[in-house]
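Taking it in order: structure first as structure tokens, then the write-up.
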Amino acid sequence: MFDKWAADQDPAFKAFFYRTILPEFKSRGKCIVVISHDEHYFDIADGTLVMHEGQLLEHGIS
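End of the sequence shown sits at 53 in our numbering; the numbers just go up one at a time, nothing left out.
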């Protein structure tokens, strides 16, 4: 589980994290949960959950 882990990373490493590291974990059959507010990378998720004040507002499969 990565809880806003990339939030304070520089843009180049953040892109590397989302576009290279996470897909590598996935290719090895790992289940990854990423908590993020960065909508630029939501497209790589297999699914998303949108929450507000502890309530599930929306969920979807990419």
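Even glycine gets a Cβ: it sits at the ideal position worked out from N, Cα and C.
Three-state class that DSSP yields for residue i in the structure shown
i: Y31; result: The question names Tyr, but residue 31 in the sequence shown is His. Three-state result, H31: helix.
i: E49; result: strand
i: I23; result: coil
Contacting residues, own chain, Cβ-Cβ under 6 Å from residue i (five flanking each side not counted)
i: A(-3); result: K5 and F8
i: E49; result: V41
i: I52; result: G38
Distance, residue j Cα to residue i Cα
i: F33; j: V25; result: 10 Å
i: R19; j: G45; result: 31 Å
i: H31; j: F16; result: 19 Å
i: P2; j: H43; result: 26 Å
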